[in-house]
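Presented below is the structure to which this report refers.
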Amino acid sequence: MPCERKTMRYGHSEGHTEVCFDDTGKFIVTCGNDGDVRIWENLDDDPKFITVGEKAYSLALKNGKLVTASSNNTVQIHTFPDGDPDGILTRFTTNATHVTFNSSGSRVAAGSSDFMVKVVEMSDSSQQKTLRGHEAPVLSVTFDPKDEFLASSSCDGSVVVWNIEDQTQVISWPLLQKTNDVSNASSLCRLAWQPGAAKLLAVPVESKVHLYERGSWDHVSTLSDDLLTQPLNVVVWSPCGRFLAAGSVGGFLNVWDVNSKLCIERQKHEKGFTVCGLAWSPSGSQIAYTDTEGCLGMLDGLGTPPTDAGATKAPVKKPAKDYDALFDDDDDGVMDEGLSDGASPVKKAVAADDEEDDDFLMPATGRVRNRGAFLDDENSMDTGSLKLGQDKFGDDDDDAGSAVLAAAAPLLPPRPVYEGPLPSAPQKAFQPGSTPAHLTHRFMMWNSVGIVRGYNDEQDNAIDVEFHDSAVHHAMHLTNSLGHALADLSQEAVLLACPSTDELASKLQCLHFSSWDTNKEWMVDLPQGEDARALCLGQGWAAVATSSLMLRLFSVGGVQREMFSLPGPVVCMAGHGEQLLIAYHRATGFDGEQVLGVQLLQLSRRKRQIISGEPLPLSRRSHLSWLGFTAEGTPCYVDSDGVVRMLNRSLGNTWTPVCNTRDTCKSKSDHYWVVGVHENPQQLRCIPCKGSRYPPTLPRPAVAILPFKLPLCQTSTEKGQMEEQFWRSVLFHNHHSFLSSSGYEVDEEARSQSQKEQQELLMKMFALSCKLEREFRCVELAELMTHNVVTLAIRYASRSRRLALAQRLSELALEKASQIQEEEEEEEEEEQSSSRQTSRKRQTAGYSGHRQQEEEEGEEREEEELREEEEQQETEEAAETKPGLKPFAKEAVSPATLSLTPVGKAGRANPFKVLGSGKPSASSGQPRVTNILDSMTAGRKSAALGGSAGKSSKNPVLKPLAPRPKTKTQSTLLQLTGSNKTKKSQESAEPQVPPPAPPAENTENQRPKTGFQLWLEENRKSITAEQPDLEEMDVIKEAMGRFRALSAEERLSWTERAKGQPGDAADLKKRKRSETGGGGEGEEAENEKTEEDENNAKKKKPLDTSSKLSAFAFNKN
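Below is the structure:
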């Protein structure tokens, strides 16, 4: 293939330069470091130019659209050849490094220094697909001619084939030398996909070109030249798909015939500069190239060898087809001299085969001779696939070539092709909180204790340990002579591990800086052939997972402890206190999925496995990027899509997504690198990474705090926001119960605050549902409330004139009260039995005096409870002996008053608890249900009259239910004032001397009657006369129906009568009590009244809009 090398022309300033042809081959277009795009009609004329930016890194031209990657981090469109701006196609956070069109010109792919590859539709630039997975700047991108795949190369050393639609990696080959930037790369590694048949992908690897087969992704061939010693920068296919040209760092230009693997053309740059741009003209007769000095050159006359007059008349491609058919028929290399006798110098250079592959010799003719078989017999059918587009680019009038191919084609049996999902490459093991190991300066660990940095450059190979709290330990500088690659850090020690070498075993090294003796360091060699893959530290223990699917436990002092086999290759581990969390591969994933399992072990005195091999849920086509524990000890993890999931212990150890860091990223190429999670306060601590997945070590990155948000539906609405807040509060306070059950001290104030917050949210949702007339939903919300808050819900419902809802809620309140009482009785029995057992164990084991003191306090509390129960029984017996109590009078004393009274820290009051047995009797149970409703209808005005009289009376006192002795700070929605506390203490002391029972009428007049009660007293006889079979409950229901049927004026008159009646009686009752009980109680009642007025004044402050819904329920007056 003789060709002419034309004189080079200066085009751009010194630096990277690229070149391409237009669709017709008439124009050559170049771009360079000066930010200009130059349009050349031929090399002799001066070019036109378009300025696109300060620098132009890459360009592509198709269908009259010129796409350029410039230094302002954009990919721009210009019209061609006019050069008018046509908008911005896409943006990156750093500069784009390479752009290319697909075969039809409908899409553009762009790779960038922010590790991203974007595929953008030309018709609509908002239609973008982002391919994530590279861990360093992207070098080049190229489309599969069938528009199904895209190949890219990167500074991380990998060449990746992507499925464009699924945005997943099909396969990745580690072929290149790793570097941190395009400017430092030894090769640009510009990939090229064979046009037409699209069978082969050409990848320049050092001084050779690797050819990979599409579909199987097998490495089928290598093109090389003995004279090539420096890396190849760029490869490009001829339009027919048969020839491949390559330009090297050393200035060489080579052209191979891919079928024969012959180097058929070899040229040298006239000044030996690096070739960085290469383009083949659409006609196939010219190759344009550019160098790093900004110059443009051309090879002309390619593909036009002299033809022999006696040979078959055919174009230049015909002998090539005959040559392919020859290799199809006989792989042993026996030459058929009659096929192309002198038709091409290439054919004359072919001799008999040898057994050596890829061995090129230079014969006397100056042409290279092939001495190796192209493919063996097993794969001989692939030579047909290497005809490089014979169907599309061959001429129909090729008589000889077509005849040979037609004869050869039926001899090839069809190969079965698997078209199902492809297996995913398994994720490699990593340390959570570390950056990739190939970086010279990296974080080996960043957690809540401190930072471990690793340096591995020409000057130093060392490890720096820095603590967030210098009180734990001072900073340390360690020489890394063993080449440690894994690290973990805790409050007690630094744990390091290095991989094995040919001479040395994999080692585990621990610096136990919290040790009280002088020997603070120990080291262990792992068995031969066993490498450390992951490690972690806990409280008093260390764990290492190895390549032989083993997990080995050590004490922090170096004692070997338990060991066990893992179900699969480890991915990462985390430790916290006595908990060990392990993620591993359960099976092979397909279509980009990772199939991971998780184990959670409790390494306390009583060792147990909490989660045994359950699947670890990940986002679609993502991998695990961080695994750890919250500061409170709840397992959580983050996947590559930025979704944070936390273990929900109250829902059967399921994983709940609590945050998506991608929601707060400004750009698709930005990420958050998680370093810690806190439940109280709710904080996700992470480092924002602009345009990358990992932060640099210098300058020291700043930690940002992200909020949590459960992905509930319709969180933009008020209902959705409150639901999200409620369930997030429930989830993030599950750790209280876990810590208390594990024997840890729990912050009772935080627990009570969380319970208060949850009940307030429920009450707000209840009020909102009432407003929306969703009464069934109101009952569902009430089921989540505590029985104290249900009484508030009953008040709210009755005052909202939703009596049917209030009726339902009162029944629910009775159920809750009885359930709570039964549960507390069971808990008390369990606590008494367990306290006896633990007291025996602690005495024999000699536990610390602190725990004994706690036990004594618990016993004192139990004695106090027993005393209170005895006193209560006495008062209840006195109540049973009272004659002639009417149902309404009895209820007005006990349940109505207590149910509306806020309960303080002494425990939750049970407004429905009846006489000593705890089970409601038939006679008293029915009126109690309606009494709640009856007492509500009186409104707030009656509370001032009947409240103080009812509270200070010496009638039988119902003891509030206290669920556990130690929950003295248990949360309620309302807090008692000081007078309420003193009143309760006096009430608990007063029943020791029971007062004489007052007359029945005084008992009735303790609080003002409602209008309905007065009406019922006068009309009860008529109702019972009409319907004598009615029980008490049915009588009240019938009376309520009739009372509602009255006109508004009649009901109002009954209400006014009720308001006017009880005043004198109440004053009389106060005077009687002051005479019998002394003057102190009267003063106390006045004090209570003034303090209630003060509280009312405080509570009348304006409320913000978020709490208006439930303000009514939380205000006493």
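Going by my numbering, 194 is the number at position 85 of the sequence shown; the sequence numbering is gapless. Yeah, the Cβ is synthetic: ideal placement off N, Cα and C, and Gly gets one too.
Contact defined as beta carbons within less than 8 Å: I believe VAL270 pairs with ALA260. What is the distance between those atoms, to the nearest angstrom? 5 Å
Nearest-angstrom beta carbon gap, GLN339 and SER369 [assumed within contact, 8 Å]: With a Cβ gap of about 24 Å, SER369 and GLN339 do not count as contacting.
Indicate the three-state DSSP secondary structure (helix, strand or coil) for ASN293 in the structure shown. helix
Touching by the beta-carbon criterion (3+ pairs, under 8 Å), the region 217 to 235 and the region 173 to 191: yes
Mind listing, in chain order, the continuous alpha helix (DSSP H) runs of no fewer than 4 residues lying wholly within the region 875 to 935? 884 to 892, 896 to 908
On the DSSP bridge list, what partners appear for LYS174? LYS171, THR188
CB contact flag (ASP265, ALA245, <8 Å): yes
Count the CB pairs spanning the region 390 to 409 and the region 123 to 136 that are closer than 8 Å, and state whether there are at least three. yes
Just the C-alpha distance for ARG670 and LYS287, rounded to the nearest angstrom, thanks. 40 Å
Are ALA165 and VAL208 touching if we call contact CB-CB under 8 Å? no
ALA683 vs PHE738 beta-carbon contact at 8 Å: yes
For LYS227 versus GLN276, is the C-beta distance shorter than 8 Å? no
Using the three-state DSSP reduction, which class does SER615 fall into: helix, strand or coil? coil
Answer yes if the region 728 to 736 comes into contact with the region 701 to 709, meaning at least three C-beta pairs across the two stretches below 8 Å, and no otherwise. yes
Grab me the residues of SER849's own chain with a C-beta within less than 6 Å of its C-beta, minus the 5 sequence neighbours each way, in chain order. VAL855
Under the three-state reduction of DSSP, which class applies to GLN339: helix, strand or coil? coil
Between the CA atoms of ARG908 and THR1046 - distance to the nearest angstrom: Confidence is the limiting factor: at THR1046 the pLDDT is only 44, short of 50, which leaves the residue's position unreliable, though a coordinate-based value still follows. Their backbone Cα atoms lie some 7 Å apart in a straight line.
Please name the residue, chosen from THR183, GLU402, ALA913, MET632, that lies closest to ASP223 on a Cα-to-Cα basis. THR183
Hey, VAL343 and VAL312 are a contact pair by Cβ (cut 8 Å); roughly how many whole angstroms apart? At roughly 11 Å, the Cβ-Cβ gap does not stay under 8 Å, so VAL343 and VAL312 are not in contact.
What residues are listed by DSSP as bridge partners for MET553? Per DSSP, none; premise fails for MET553.
Please state whether DSSP places LEU756 in a helix, a strand or coil. strand
ILE159 - DSSP class collapsed to helix/strand/coil: strand
I think ASP400 touches HIS378, with their Cβ atoms under 8 Å apart; what is that distance to the nearest whole Å? 6 Å
Do the CB positions of GLY542 and ASN565 come within less than 8 Å of each other? no
Three-state secondary structure (DSSP) at CYS112? coil
Give a yes or no on whether the C-beta atoms belonging to SER267 and PRO254 are separated by under 8 Å. no
Completely contained alpha helix (DSSP H) runs for the region 651 to 707, where each covers 4 or more residues: none
Per DSSP, what kind of secondary structure is MET231 in: helix, strand or coil? coil
Assuming GLY647 contacts LEU712 (C-beta within less than 8 Å), just tell me the rounded distance between them. 7 Å
In three-state terms, what does DSSP make of GLU374? strand
Can you tell me whether VAL146 is helix, strand or coil according to DSSP? strand
Using DSSP bridges, identify the partner residues of ILE1309. What is shown of the chain runs 110 to 1226, which leaves residue 1309 out entirely.
Segment contact flag, the region 857 to 877 with the region 822 to 836, C-beta cutoff 8 Å, min 3 pairs: yes
Whole-number beta carbon distance between GLY120 and GLY144, since they are thought to touch under 8 Å: Incorrect: roughly 13 Å between the Cβ atoms, too far for contact.
Work out the CA separation of PHE136 and LYS171 for me, nearest whole Å. 12 Å
Secondary structure at GLY1120, three-state DSSP: helix, strand or coil? helix
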